[in-house]
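Basically my numbering = 1-based index in the sequence shown + 24. We put the CB at the ideal spot given by N, CA and C, even for glycine. These notes are about the structure you will find just below.
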Amino acid sequence: MTVTGPEYLGSAAADALRTKPRTAGEPREAEAVAGRAVGDRDLWQNRVYVDVDAFARNVRAIRAYVGRHRELLAVVKDDAYGHGAAELSRVAVAEGVDILGVVNVDEARALRVAGITSPILVLGATAPAGAAEIPRWGLATIACHLEFAEALEAGAREARQRVPVFVKVDTGMGRLGIAPRDVARFCDRLRDLPHLSLQGLLTHLPDADDKGFSREQVAVFEKLINEVRRRGYAIPRNHVANSAAILDLPEAYFNLVRAGIILYGIYPSDAVKRSIALEAVMCCRTPVIFSKEVRPGDTISYQRTYEVKEKSTVVTTPMGYRHGYPRLLSNRAEGLWRGRRVPVAGLVCMDMTMFDLGPGARARLGEEVTVLGRDGDEEITADELASHAETVSYEMITSLGMRSRRYYLKGGLLYLEPRERRALSGQYY
Ligand SMILES: Cc1ncc(COP(=O)(O)O)c(C=O)c1O
Numbered sequence: 025m026t027v028t029g030p031e032y033l034g035s036a037a038a039d040a041l042r043t044k045p046r047t048a049g050e051p052r053e054a055e056a057v058a059g060r061a062v063g064d065r066d067l068w069q070n071r072v073y074v075d076v077d078a079f080a081r082n083v084r085a086i087r088a089y090v091g092r093h094r095e096l097l098a099v100v101k102d103d104a105y106g107h108g109a110a111e112l113s114r115v116a117v118a119e120g121v122d123i124l125g126v127v128n129v130d131e132a133r134a135l136r137v138a139g140i141t142s143p144i145l146v147l148g149a150t151a152p153a154g155a156a157e158i159p160r161w162g163l164a165t166i167a168c169h170l171e172f173a174e175a176l177e178a179g180a181r182e183a184r185q186r187v188p189v190f191v192k193v194d195t196g197m198g199r200l201g202i203a204p205r206d207v208a209r210f211c212d213r214l215r216d217l218p219h220l221s222l223q224g225l226l227t228h229l230p231d232a233d234d235k236g237f238s239r240e241q242v243a244v245f246e247k248l249i250n251e252v253r254r255r256g257y258a259i260p261r262n263h264v265a266n267s268a269a270i271l272d273l274p275e276a277y278f279n280l281v282r283a284g285i286i287l288y289g290i291y292p293s294d295a296v297k298r299s300i301a302l303e304a305v306m307c308c309r310t311p312v313i314f315s316k317e318v319r320p321g322d323t324i325s326y327q328r329t330y331e332v333k334e335k336s337t338v339v340t341t342p343m344g345y346r347h348g349y350p351r352l353l354s355n356r357a358e359g360l361w362r363g364r365r366v367p368v369a370g371l372v373c374m375d376m377t378m379f380d381l382g383p384g385a386r387a388r389l390g391e392e393v394t395v396l397g398r399d400g401d402e403e404i405t406a407d408e409l410a411s412h413a414e415t416v417s418y419e420m421i422t423s424l425g426m427r428s429r430r431y432y433l434k435g436g437l438l439y440l441e442p443r444e445r446r447a448l449s450g451q452y453y
């Protein structure tokens with residue numbers, strides 16, 4: 025499949041989409057212009073706007089904070105948390121990221137096909153039957169199962185390559201990894217597999233808010249590194265730190281750190297220090313596809329949970345739970361319309377949601393309601409949505425980002441993610 029370059033849409037559209045402050049009630053001519061520039065065919069689609077420049081600034085800030093003497097891995101799994109891995113990986117590498125982290129070989133292959141040649145580490149488990157894909161695409165991988173390691177050895181031998189391998193240790197996450205007591209023995213087994221190049225150990229922190237527990241994990245990990253080194257393995261590259269640890273647990277840095285959610289401008293929790301200034305990268309907007317005047321006593325959506333109290337204007341948008349806008353947001357969340365907050369009216373449907381714009385509001389068809397991100401002085405954060413939806417910001421951005429058309433804003437230009445690339449990543453909208 026050929027992957028075409030980005031579809032550039034001109035700087036007028038990009039200017040129009042910049043969220044410049046405007047006075048309340050001022051018509052959103054800018055967005056209307058953008059709608060035309062982006063193409064009428066898309067006017068009724070939900071859109072995710074990815075601010076590539078903000079992403080680049082986040083990478084730079086993280087790079088500067090952790091220092092240039094250690095490696096920085098950018099976690100771009102799950103299509104870069106819904107932002108588009110092919111588009112953002114290129115930027116990450118240009119801004120000084122050393123390695124990209126994906127969850128499986130499919131994601132890594134999509135990056136290679138998109139022309140990304142930098143080191144990629146597969147952070148998830150690969151089926152032994154698929155192990156040969158790792159040398160085929162020039163990847164590094166974690167290992168925590170002997171059957172997989174042996175299959176990988178066979179694939180690497182056939183490809184005449186040495187595959188960089190990190191041994192995954194479970195120090196408390198309870199997900200993937202070898203128990204600490206078995207690590208040394210596992211490394212000994214790897215020594216018998218000459219096409220695997222043991223790089224180091226890694227582990228994951230399940231609860232960065234619990235500093236005491238995280239520190240205990242780090243202590244266990246440090247002991248393991250020493251033990252494995254005493255047995256004669258160099259293991260130069262060991263890693264623990266995720267976003268929370270990067271922000272607030274420097275003793276977890278070792279020689280490599282894995283930055284995830286902070287790349288996308290979101291703090292992993294309220295409990296960690298905000299030691300790096302971050303900018304939100306994703307904005308999600310939905311067009312008005314219908315507008316009507318409602319009167320007291322009218323009800324909105326399934327099960328009639330929203331009853332109109334005073335004469336008002338209710339608009340319908342094509343954003344539903346199938347687009348990653350959870351049903352739990354019904355009658356709880358707000359959107360932004362012309363820079364002011366407007367409540368979700370009634371139950372979120374499978375592919376539509378209504379917003380109450382208030383008395384006398386006159387919305388134009390195609391005008392956008394912001395469900396995530398900034399409009400003027402107001403902002404709906406991923407954390408705000410997550411708290412209404414009883415989930416975490418991670419889930420909000422991946423769900424919204426995966427299920428809408430994505431537009432990238434970069435250096436004053438707005439461009440649409442090529443459809444072929446979206447298909448390659450296996451994600452549709
Ligand atoms: C192994 C591993 N390391 C690092 C990360 C990044 O986590 P965060 O987004 O909290 O930085 C993840 C994400 O789930 C992960 O699975």
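Of the residues the options, the one placed nearest residue i, counting alpha carbons only
{"i": "residue 338", "options": "347, 71, 170, 361", "result": "361"}
{"i": "residue 168", "options": "418, 141, 218, 198", "result": "198"}
{"i": "residue 226", "options": "267, 179, 278", "result": "278"}
{"i": "residue 299", "options": "314, 272, 399", "result": "272"}
{"i": "residue 430", "options": "109, 379, 373, 345", "result": "109"}
{"i": "residue 228", "options": "217, 244, 387, 183", "result": "244"}
{"i": "residue 201", "options": "170, 212, 394, 85", "result": "170"}
{"i": "residue 104", "options": "93, 281, 426", "result": "426"}
{"i": "residue 164", "options": "119, 223, 193", "result": "223"}
{"i": "residue 305", "options": "275, 328, 397, 441", "result": "397"}
{"i": "residue 348", "options": "195, 391, 416", "result": "416"}
{"i": "residue 400", "options": "394, 413, 363, 433", "result": "363"}
{"i": "residue 215", "options": "370, 183, 237, 255", "result": "255"}
{"i": "residue 301", "options": "352, 87, 322, 69", "result": "87"}
{"i": "residue 187", "options": "153, 144, 196, 303", "result": "144"}
{"i": "residue 218", "options": "240, 173, 235, 236", "result": "173"}
{"i": "residue 152", "options": "135, 209, 178", "result": "178"}
{"i": "residue 195", "options": "220, 276, 257", "result": "276"}
Where residue i falls: helix, strand or coil (DSSP)
{"i": "residue 72", "result": "strand"}
{"i": "residue 241", "result": "helix"}
{"i": "residue 295", "result": "coil"}
{"i": "residue 220", "result": "strand"}
{"i": "residue 265", "result": "coil"}
{"i": "residue 434", "result": "strand"}
{"i": "residue 321", "result": "coil"}
{"i": "residue 260", "result": "coil"}
{"i": "residue 211", "result": "helix"}
{"i": "residue 384", "result": "coil"}
{"i": "residue 101", "result": "helix"}
{"i": "residue 278", "result": "coil"}
{"i": "residue 330", "result": "strand"}
{"i": "residue 427", "result": "coil"}
{"i": "residue 315", "result": "strand"}
{"i": "residue 441", "result": "coil"}
{"i": "residue 350", "result": "coil"}
{"i": "residue 176", "result": "helix"}
{"i": "residue 377", "result": "strand"}
Within 8 Å, strictly: CB atoms of residue i and residue j
{"i": "residue 355", "j": "residue 326", "result": "no"}
{"i": "residue 156", "j": "residue 146", "result": "no"}
{"i": "residue 350", "j": "residue 310", "result": "no"}
{"i": "residue 368", "j": "residue 358", "result": "yes"}
{"i": "residue 106", "j": "residue 424", "result": "yes"}
{"i": "residue 159", "j": "residue 180", "result": "yes"}
{"i": "residue 281", "j": "residue 90", "result": "yes"}
{"i": "residue 455", "j": "residue 193", "result": "Coverage of the chain is limited to positions 25 through 453, which leaves residue 455 absent and any answer about it impossible."}
{"i": "residue 112", "j": "residue 100", "result": "yes"}
{"i": "residue 312", "j": "residue 388", "result": "yes"}
{"i": "residue 85", "j": "residue 125", "result": "no"}
{"i": "residue 346", "j": "residue 376", "result": "no"}
{"i": "residue 185", "j": "residue 428", "result": "no"}
Local Cβ density within 10 Å of residue i, reported as buried at 16 or more and exposed below that
{"i": "residue 316", "result": "exposed"}
{"i": "residue 379", "result": "buried"}
{"i": "residue 314", "result": "exposed"}
{"i": "residue 204", "result": "buried"}
{"i": "residue 269", "result": "buried"}
{"i": "residue 18", "result": "Residue 18 is absent from the structure shown; the chain starts at 25 and stops at 453."}
{"i": "residue 102", "result": "buried"}
{"i": "residue 412", "result": "buried"}
{"i": "residue 344", "result": "buried"}
{"i": "residue 370", "result": "buried"}
Proximity test, residue i beta-carbon vs ligand 2 heavy atom, cut-off 7 Å
{"i": "residue 271", "result": "With respect to ligand 2, the structure shown offers nothing to examine, as its ligands consist of ligand 1."}
Residue i at chain C interface by Cβ criterion, 8 Å
{"i": "residue 332", "result": "Although the question refers to chain C, the structure presented lacks it and comprises just one protein chain."}
Is the region 70-77 in contact with the region 260-273, if contact means three or more CB pairs nearer than 8 Å? no
Say whether the region 244-253 touches the region 285-294, bearing in mind that this needs 3 or more beta-carbon pairs closer than 8 Å, one atom from each stretch. no
Please confirm if the region 402-420 is in contact with the region 379-389, defined as three or more CB-CB distances below 8 Å between the two stretches. no
If you pair each beta-carbon of the region 78-95 with each one of the region 118-127, do three or more pairs fall below 8 Å? yes
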